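Have a look at the structure below, then the notes.
There are 2 protein chains.
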Amino acid sequence: MAAIGFDPHDHSACISSTLRQAETYCAEHKLKLTPIRRRALEILLAEHRALGAYDLLSHFAAEGLGSAPPVAYRALDFLTSAGFAHKIEGLNAYIACAHLGSDHAPAFLICTACKSVAEAETEASDGRLGAAARAAGFQIDRIVVEALGLCPTCQDAA
Amino acid sequence: MAAIGFDPHDHSACISSTLRQAETYCAEHKLKLTPIRRRALEILLAEHRALGAYDLLSHFAAEGLGSAPPVAYRALDFLTSAGFAHKIEGLNAYIACAHLGSDHAPAFLICTACKSVAEAETEASDGRLGAAARAAGFQIDRIVVEALGLCPTCQDAA
DNA sequence: GTCGTTGATGTTATGATATAACAATGGAGT
DNA sequence: ACTCCATTGTTATATCATAACATCAACGAC
Ligand SMILES: [Zn+2]
Ligand SMILES: [Zn+2]
Ligand SMILES: [Zn+2]
Ligand SMILES: [Zn+2]
Numbered sequence: 001m002a003a004i005g006f007d008p009h010d011h012s013a014c015i016s017s018t019l020r021q022a023e024t025y026c027a028e029h030k031l032k033l034t035p036i037r038r039r040a041l042e043i044l045l046a047e048h049r050a051l052g053a054y055d056l057l058s059h060f061a062a063e064g065l066g067s068a069p070p071v072a073y074r075a076l077d078f079l080t081s082a083g084f085a086h087k088i089e090g091l092n093a094y095i096a097c098a099h100l101g102s103d104h105a106p107a108f109l110i111c112t113a114c115k116s117v118a119e120a121e122t123e124a125s126d127g128r129l130g131a132a133a134r135a136a137g138f139q140i141d142r143i144v145v146e147a148l149g150l151c152p153t154c155q156d157a158a
Numbered sequence: 159m160a161a162i163g164f165d166p167h168d169h170s171a172c173i174s175s176t177l178r179q180a181e182t183y184c185a186e187h188k189l190k191l192t193p194i195r196r197r198a199l200e201i202l203l204a205e206h207r208a209l210g211a212y213d214l215l216s217h218f219a220a221e222g223l224g225s226a227p228p229v230a231y232r233a234l235d236f237l238t239s240a241g242f243a244h245k246i247e248g249l250n251a252y253i254a255c256a257h258l259g260s261d262h263a264p265a266f267l268i269c270t271a272c273k274s275v276a277e278a279e280t281e282a283s284d285g286r287l288g289a290a291a292r293a294a295g296f297q298i299d300r301i302v303v304e305a306l307g308l309c310p311t312c313q314d315a316a
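Note that the protein sequences, when read in sequence, are chains C and B.
Per my numbering, the very first residue in the first sequence carries number 1; after that it's consecutive.
Per my numbering, the very first residue in the second sequence carries number 159; after that it's consecutive.
If you want it as structure tokens, here you go:
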């Protein structure tokens with residue numbers, strides 16, 4: 001379970017392989033990766049950072065695509081529903097999935113200094129919280145796990 | 159580790175004992191539980207639900223206290239800094255701490271149907287995520303854990 | 001006691017995030 | 001060609017949060 005994001009890697013390969021996986025997934029599941037959706041994913045993939053909906057929107061505007069908020073939110077809804085992107089609740093921002101293909105419960109390491117985000121994976125039904133939920137009779141749909149702190153680079157800078 | 163919130167209990171005792179603990183804590187730490195801060199805590203304590211800042215604000219307004227947003231946000235900043243309340247990131251809302259006194263890493267069970275929230279406790283440095291962070295050289299300050307789903311009552315209703 | 005500092009509060013204005021509602025388009029199937 | 005339905009475009013508005021500055025009261029220094 002590597003925490004992709006803080007380590008150096010071949011990023012253009014990282015982008016193109018994820019795009020290919022997204023295309024395959026859409027073909028298999030009758031989903032349409034339209035130009036604007038594909039472009040949104042590319043923009044998110046360009047950095048291992050979370051972007052706000054309005055950040056995405058300004059990319060769109062600069063490229064002559066739609067420039068009203070719903071355009072960005074709809075693309076993000078599609079990407080998150082399909083599992084191609086995740087919302088970072090603690091930042092009100094969105095990031096491309098770093099583990100496309102594996103059916104995963106994401107956990108994020110979020111640097112509060114430089115906003116870079118690494119995606120790790122949690123255990124499917126992590127012990128304690130799952131136990132508490134069961135004891136309370138609570139039925140879990142989705143679990144948000146976000147660790148806020150400092151990435152290696154920003155620790156060195158401090 | 160009880161997940162306080164969904165089970166019936168003596169709620170007025172729950173409120174008054176928490177308020178007393180908050181007073182004690184403030185006295186020990188030279189913090190000022192001013193009337194508006196105390197009132198904010200009372201309002202949050204009245205329900206085991208998360209309230210938005212503007213919900214709190216309308217209570218204030220109805221009681222002749224300040225009615226501009228910063229009044230609510232400042233009270234909430236104080237309560238969260240002191241550990242008397244937590245922000246629920248997934249709802250952009252705030253809830254009184256259900257485990258005041260214990261030094262804890264909160265985890266929440268959030269009913270998406272009725273918005274009620276139970277507060278459980280996680281292990282201090284839970285295995286997997288802590289391990290991933292260590293491997294990445296990431297220094298964790300705070301962990302957000304929020305489970306979204308259905309509370310027992312809303313499951314029955316469905 | 002007065003003065004200056006400090007933290008709390010009040011207020012106006014604005015910024016940032018997100019959705020409602022409806023019109024226009026355009027392909028898939030008939 | 002026609003209909004259906006998902007996607008996209010656009011306007012307007014709702015919701016969440018902070019900046020900036022004025023006022024005030026508590027408290028210690030002098
Ligand atoms: Zn992922
Ligand atoms: Zn960093
Ligand atoms: Zn708590
Ligand atoms: Zn419920």
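Built from N, CA and C at the ideal position, the CB exists for glycine as well.
The model shown is predicted, which means the values in this text are computed figures rather than measured ones.
Item	Value
Got a list of residues with beta-carbon closer than 5 Å to any non-hydrogen atom of ligand 3, in chain order?	B/CYS255, B/HIS257 and B/PRO264
Got a sec, what are the start and stop residues for the beta strand (DSSP E) C/ARG49 sits in?	Element bounds for C/ARG49: n/a, residue is neither H nor E.
Alpha carbon to alpha carbon, how far is B/ALA243 from C/GLU23?	44 Å
Could you tell me which residues DSSP puts in a beta bridge with C/GLU121?	C/PRO106
Does ligand 2 have even one heavy atom less than 8 Å from the beta-carbon of C/ALA113?	yes
Can you tell me which residues form a DSSP beta bridge with C/CYS111?	C/GLY149
Does any CB atom of chain C fall closer than 9 Å to the CB of B/ALA160?	Bear in mind that the predicted position of B/ALA160 carries a pLDDT of just 49, short of 50, making it too unreliable to give a figure here.
Residues of chain C with a CB under 9 Å from the CB of B/CYS357: which are they?	The question about residue 357 of chain B has no answer here: the residues shown for chain B are numbered 159 through 316.
Would you mind reading off the limits of the beta strand (DSSP E) that contains C/ALA85?	85–88
Just checking: is the beta-carbon of B/ALA265 within a distance shorter than 9 Å of some beta-carbon in chain C?	yes
Which whole-angstrom value describes the C-beta separation of C/GLY137 and B/PRO310, a residue pair presumed to lie in contact below a C-beta threshold of 8 Å?	4 Å
CB of B/LEU113 to nearest heavy atom of ligand 4: below 8 Å?	Since the displayed chain B opens at 159 and closes at 316, residue 113 of chain B lies outside it and no answer follows.
With which residues is C/SER116 paired in a DSSP beta bridge?	C/ARG49
DSSP three-state label for B/ASP165, please.	coil
Measure the Cβ-Cβ separation of B/ALA263 and B/ALA208 and say whether it is below 9 Å.	no
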